[in-house]
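Residue numbers (the numbering used here): 4 to 314. For glycine and all other residues, C-beta sits at the position ideal for the given N, C-alpha and C. Please read these numbers as outputs of a predicted model, since none were measured by experiment. Notes follow the structure.
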Amino acid sequence: MLAIKTLTDNLTVYKRNMRLMGDKFEISVVGNNPLLADEQIDIAIDEINRVEKLLSAFSDDSSINQINRNAGIAPVKADGETFRLISRALQISELTYGAFDITYLADTANEAEVENTSVKTAKRTLSLASYKNIVLDAVKQTVFLKEKGMRIGFGANGKGYAADRAKYVLQMNGVSSGVINFGGDLLAWGLQSNLQPWTVADADATQQNQPFADLEISNLAFATSVNAEKYASISNKKFTNVFNPKKGFPVSGITSVSILSPTAEFADALATPILSIGVNAGLYMINQLNQVACVIIDDQNRVYPSKDITL
Numbered sequence: 004m005l006a007i008k009t010l011t012d013n014l015t016v017y018k019r020n021m022r023l024m025g026d027k028f029e030i031s032v033v034g035n036n037p038l039l040a041d042e043q044i045d046i047a048i049d050e051i052n053r054v055e056k057l058l059s060a061f062s063d064d065s066s067i068n069q070i071n072r073n074a075g076i077a078p079v080k081a082d083g084e085t086f087r088l089i090s091r092a093l094q095i096s097e098l099t100y101g102a103f104d105i106t107y108l109a110d111t112a113n114e115a116e117v118e119n120t121s122v123k124t125a126k127r128t129l130s131l132a133s134y135k136n137i138v139l140d141a142v143k144q145t146v147f148l149k150e151k152g153m154r155i156g157f158g159a160n161g162k163g164y165a166a167d168r169a170k171y172v173l174q175m176n177g178v179s180s181g182v183i184n185f186g187g188d189l190l191a192w193g194l195q196s197n198l199q200p201w202t203v204a205d206a207d208a209t210q211q212n213q214p215f216a217d218l219e220i221s222n223l224a225f226a227t228s229v230n231a232e233k234y235a236s237i238s239n240k241k242f243t244n245v246f247n248p249k250k251g252f253p254v255s256g257i258t259s260v261s262i263l264s265p266t267a268e269f270a271d272a273l274a275t276p277i278l279s280i281g282v283n284a285g286l287y288m289i290n291q292l293n294q295v296a297c298v299i300i301d302d303q304n305r306v307y308p309s310k311d312i313t314l
């Protein structure tokens with residue numbers, strides 16, 4: 004465990020890096036007792052591992068596994084935590100007009116095939132794997148996937164939810180200030196050891212050494228989605244490998260989206276969908292939400308902050 008010392012009230016930032024949920028996590032806690040900090044970080048790791056098992060599609064005793072296995076067959080009674088997580092995911096799907104969707108097909112094509120998928124095939128696939136084909140019964144607490152071969156997964160917001168849960172157990176165990184880095188996204192609470200707010204320098208992903216804003220993230224989550232890694236060549240134009248959920252073909256226009264939100268689950272879920280929604284629709288949506296803000300960079304390196312951010 005790495006300790007970074009300061010002179011303010013003998014407070015120290017204790018950090019530990021590890022690989023969890025298939026990604027890099029870094030947990031930082033502010034305190035003055037290294038043994039206690041070590042125990043607290045252990046508790047956070049245990050909670051993240053618990054969430055990973057809860058959301059596993061392969062664990063025989065997980066609700067997700069049972070729901071997926073009974074797709075097109077029968078509703079499945081889910082545990083309360085999983086049911087609430089699915090319910091929130093459907094709300095985000097409605098908010099983003101389906102750009103965020105936890106459903107997929109069991110026989111999903113590999114990336115090379117997806118890049119060359121025709122619009123007609125993409126539309127047919129999307130019609131089967133859709134959040135609209137998830138039926139929830141709040142009274143019986145059941146989940147039903149209407150189409151056979153349909154599945155649900157939490158790759159888009161599971162790590163954010165795990166970070167939220169880790170923060171919760173840390174706070175319950177006396178950690179009044181800390182940061183959880185989950186796959187490059189951040190969840191912060193309290194103050195730094197020098198009693199200043201936690202900040203992050205947001206930047207254009209193509210110019211990582213030139214930050215354009217220092218954003219305060221104390222008691223907030225900060226998640227960024229970048230649309231700059233994989234391209235498919237169509238008519239000699241580069242398109243990022245992101246499909247428009249409404250139309251079934253690649254879209255371009257946004258380089259990166261950064262979301263500020265009170266919860267990591269919501270920030271994690273919302274960052275990628277805005278890539279396909281577009282600048283104007285994305286800003287309009289964010290500006291209607293309380294306690295949520297964003298910074299969008301388009302493919303011309305123009306910066307678009309939401310109404311609550313001043314650059």
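Exercise. Would you tell me roughly how many angstroms separate the C-alpha atoms of ILE220 and THR106, rounded to the nearest one?
Key: Here residue 220 refers to the residue found at position 217 of the sequence shown. Here residue 106 refers to the residue found at position 103 of the sequence shown. Whole-angstrom Cα-Cα distance: 31 angstroms.
Self-check item: Rounded straight-line distance, which links the Cα of GLN199 to that of ALA296
Solution: Your numbering for residue 296 matches position 293 in the sequence shown. Your numbering for residue 199 matches position 196 in the sequence shown. Approximately 21 angstroms, taken between the alpha carbons.
Exercise. Using the Cα positions of THR15 and ASP188, report the straight-line distance between them to the nearest angstrom.
Key: Translated into positions along the sequence shown, residue 15 becomes position 12. Translated into positions along the sequence shown, residue 188 becomes position 185. Taking the straight line joining both Cα atoms gives about 22 angstroms.
Exercise. Excluding the 5 residues preceding and the 5 following LYS151 in the sequence, name in chain order all residues of the same chain whose CB lies nearer than 7 angstroms to its CB.
Key: Counting from one through the sequence shown, the residue named residue 151 turns up at place 148. For LYS151, where only same-chain residues beyond five positions count, the Cβ hits under 7 angstroms are ALA74, GLY75.
Exercise. Kindly indicate which three-state DSSP category ASP49 falls into: helix, strand or coil?
Key: Here residue 49 corresponds to residue number 46 of the sequence shown, with the count starting at 1. Correct three-state label for ASP49: helix.
Quiz item: Can you give the Cα-Cα distance for VAL282 and ASP271, rounded to whole angstroms?
Solution: Locating residue 282 in the sequence shown gives position 279, counting from the first residue. Locating residue 271 in the sequence shown gives position 268, counting from the first residue. The C-alpha of ASP271 is placed about 18 angstroms away from the C-alpha of VAL282.
Quiz item: Leaving out the 5 sequence neighbours to the left and right, which residues in its chain are closer than 6 angstroms to TYR100 when beta-carbon positions are compared?
Solution: Walking along the sequence shown from the start, residue 100 turns up at place 97. The answer is none, since no qualifying residue turns up.
Exercise. Return the residue from the list LYS27, GLU50, LEU278 that minimises the CA-CA distance to MET175.
Key: Translated into the one-based positions of the sequence shown, residue 175 becomes position 172. Comparing Cα-Cα distances from MET175 to each of LYS27, GLU50, LEU278, the minimum goes to GLU50.
Quiz prompt | Close Cβ partners of ASN222 (< 8 angstroms) along its chain, the five nearest in sequence each way excluded | solution = Working through the sequence shown from its first residue, we reach residue 222 at position 219. Counting only residues of its own chain and dropping the five nearest sequence neighbours on each side, ASN222 has a CB closer than 8 angstroms to the CB of ALA191, TRP192, GLY193, PRO265.
Quiz item: Can you name, in chain order, every residue of its own chain whose Cβ lies under 8 angstroms from the Cβ of ARG22, other than the five neighbours on each side?
Solution: By 1-based counting over the sequence shown, the position of residue 22 is 19. Same-chain partners within the cutoff: PHE28.
Quiz prompt | Start-to-end residues for the beta strand (DSSP E) that takes in TYR17 | solution = The residue you call residue 17 lines up with position 14 of the sequence shown. Its beta strand (DSSP E) spans residues 15-23.
Self-check item: Contacting residues, own chain, Cβ-Cβ under 7 angstroms from LEU278 (five flanking each side not counted)
Solution: Here the question's residue 278 lines up with position 275 in the sequence shown. The residues are SER228, ASN230, VAL245, ILE257, VAL260.
Exercise. With a cut-off of 8 angstroms on the beta carbons, I'd call ALA159 and PHE185 a contact; round off their distance for me.
Key: Residue 159 sits at position 156 when you count from the first residue of the sequence shown. Residue 185 sits at position 182 when you count from the first residue of the sequence shown. Actually they do not touch by this definition, with Cβ atoms about 13 angstroms apart.
Exercise. Give me the Cα-Cα distance between PHE61 and ASN68, rounded to the nearest whole angstrom.
Key: On the sequence shown, position 58 is the one that residue 61 refers to. On the sequence shown, position 65 is the one that residue 68 refers to. Each residue's alpha carbon lies about 6 angstroms from the other.
Exercise. Whole angstroms is fine: what's the gap from LYS310's alpha carbon to ASP63's?
Key: Sequence index remark: in the sequence shown, residue 310 carries index 307 (1-based). Sequence index remark: in the sequence shown, residue 63 carries index 60 (1-based). In a straight line, the C-alpha of LYS310 is about 46 angstroms away from that of ASP63.
Quiz prompt | Bridge-paired residues (DSSP) for TYR107 | solution = Here residue 107 refers to the residue found at position 104 when the sequence shown is read from its first residue. Answer is ARG154, bridged to TYR107.
Self-check item: Integer Cβ distance of ASP104 from TYR134, believed to fall under 8 angstroms
Solution: Taking the first residue of the sequence shown as 1, we reach residue 104 at position 101. Taking the first residue of the sequence shown as 1, we reach residue 134 at position 131. So it is a contact: roughly 5 angstroms between Cβ atoms.
Self-check item: Euclidean distance between Cα positions of VAL203 and ASP217
Solution: As a working note, residue 203 is residue 200 in the sequence shown. As a working note, residue 217 is residue 214 in the sequence shown. Each residue's Cα considered, the two are about 6 angstroms apart.
Quiz item: How is PRO308 classed by DSSP in three states: helix, strand or coil?
Solution: In the sequence shown, residue 308 corresponds to position 305, counting from 1. Strand.
Quiz item: My guess is that VAL172 and ILE44 are in contact by the Cβ rule of under 8 angstroms, so how many angstroms apart are they, rounded?
Solution: For the purposes of this step, residue 172 is taken as the residue at position 169 of the sequence shown. For the purposes of this step, residue 44 is taken as the residue at position 41 of the sequence shown. With a Cβ gap of about 11 angstroms, VAL172 and ILE44 do not count as contacting.
Quiz item: Rounded C-beta distance between ALA132 and MET153? I'm assuming under 8 angstroms.
Solution: Counting from 1 along the sequence shown, the entry for residue 132 is found at position 129. Counting from 1 along the sequence shown, the entry for residue 153 is found at position 150. Contact between ALA132 and MET153 holds: their C-beta atoms lie close to 6 angstroms from each other, under 8 angstroms.
Quiz item: Does the distance from the C-beta atom of ILE155 to that of ILE89 stay below 8 angstroms?
Solution: As a first step, residue 155 is located in the sequence shown; it is residue number 152 there, counting from the start. As a first step, residue 89 is located in the sequence shown; it is residue number 86 there, counting from the start. Taking 8 angstroms as the Cβ cut-off, ILE155 and ILE89 qualify as a contacting pair.
Quiz item: Where does the unbroken alpha helix (DSSP H) through THR275 begin, and where does it stop?
Solution: Along the sequence shown, read from residue 1 onward, the residue named residue 275 stands at position 272. That run of the alpha helix (DSSP H) goes 267-280.
Quiz item: Are the CB atoms of VAL146 and ALA81 nearer to each other than 8 angstroms?
Solution: Position 143 of the sequence shown, counting from 1, holds the residue named residue 146. Position 78 of the sequence shown, counting from 1, holds the residue named residue 81. The beta carbons of VAL146 and ALA81 sit closer together than 8 angstroms.
Quiz prompt | Cβ neighbours of ALA3 in the same chain (closer than 6 angstroms, five flanking residues each side left out) | solution = No answer is possible for residue 3: the residues shown for the chain start at 4 and end at 314.
Quiz item: Roughly how many angstroms separate the alpha carbons of LYS249 and PRO276, rounded to a whole number?
Solution: Within the sequence shown, the letter at position 246 stands for residue 249. Within the sequence shown, the letter at position 273 stands for residue 276. The predicted position of LYS249 is uncertain, since its pLDDT is 48 and thus under 50; no value can be drawn from it.
Quiz item: Around the C-beta of LEU38, are 16 or more other C-beta atoms found within 10 angstroms, so that it is buried, or is it exposed?
Solution: Working through the sequence shown from its first residue, we reach residue 38 at position 35. Burial call: exposed.
Quiz item: Is ALA226 closer than 8 angstroms to ALA267 when the C-beta atoms are compared?
Solution: Here residue 267 refers to the residue found at position 264 when the sequence shown is read from its first residue. Here residue 226 refers to the residue found at position 223 when the sequence shown is read from its first residue. Cβ distance < 8 angstroms, so ALA267 and ALA226 count as in contact.
Exercise. Give every residue of the same chain whose Cβ lies closer than 8 angstroms to the Cβ of ASN52, excluding the five residues on either side of it in the sequence, and list them in chain order.
Key: Residue 52 sits at position 49 when you count from the first residue of the sequence shown. So the qualifying residues of the chain are LEU23.
Quiz item: DSSP on VAL54, reduced to helix/strand/coil?
Solution: Sequence index remark: in the sequence shown, residue 54 carries index 51 (1-based). Helix.
Quiz item: Could you check where the beta strand (DSSP E) with LEU194 kicks off and where it finishes?
Solution: Taking the sequence shown and counting its residues from 1, the one referred to as residue 194 is at position 191. From DSSP, LEU194 is part of no beta strand (DSSP E); its letter is neither H nor E.
Quiz item: Going by the CB atoms, is the gap between VAL298 and ILE280 shorter than 8 angstroms?
Solution: Taking the sequence shown and counting its residues from 1, one reaches residue 280 at position 277. Taking the sequence shown and counting its residues from 1, one reaches residue 298 at position 295. No, these two residues do not count as a Cβ contact at 8 angstroms.
Practice problem: With a threshold of 16 other CB atoms inside 10 Å of the CB of GLY2, please say whether the residue is buried or exposed. | Solution: Nothing about residue 2 can be read from this structure; the chain reaches only from 4 to 314.
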